[in-house]
Amino acid sequence: MNEKGMTLIEILASIIILSIIIVSMLTMIVQSSRSNAISKNMMSATYVAESTMEELNRTVALSTDLANFPSELNKLTKSDGTPKYIVLSNINGQAFFETTVPGYYVYIEANSSLGSNLVKVKVKVYKDKTKAKIEAQMEMLQSWKKI
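Going by this note's numbering, the sequence shown opens with residue 320, and the numbers climb by one from there.
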């Protein structure tokens, strides 16, 4: 008897082993792709928060207190000339602002005690105005401009 060829059982075993290897590799590739997409979204939102924080940092350095902070913030405009930040409220040492960046809604809280030379600024980045899921958040504590 001549045994130069492969039997059907050997071929099926080879196909099954290859299938197991391919399926396990595909799951790793899919999971890796999903992780990359989540990481990309997180990095984009963090960049938006960081850019906003840098703008606010410069504006706080020009302001003497929370009362004139919104007027300094209104000097920052979008390319169409409209104010970049919208004041939601500014009472009792707390100010709230909002802005939109392509793909994100940015909510800003600024807190300062009366007579204090420090302001706590918190930037929260959401996917949209519903604030369903926070994408990124940054905080800083900075002093007002010396008079």
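Note that the Cβ used here is the ideal one computed from N, Cα and C, for glycine as well.
Asked	Found
Which residues does DSSP list as the beta-bridge partners of residue 458?	441
Could you check whether residue 423 and residue 367 sit closer than 8 Å to each other, using their CB atoms as the reference points?	yes
In the structure shown, what three-state DSSP assignment does residue 352 receive?	helix
If I follow the unbroken alpha helix (DSSP H) through residue 393, where does it start and stop?	388 to 393
Mapping the DSSP letters down to three states, classify residue 414 as helix, strand or coil.	strand
Excluding the 5 residues preceding and the 5 following residue 396 in the sequence, name in chain order all residues of the same chain whose CB lies nearer than 7 Å to its CB.	402, 403
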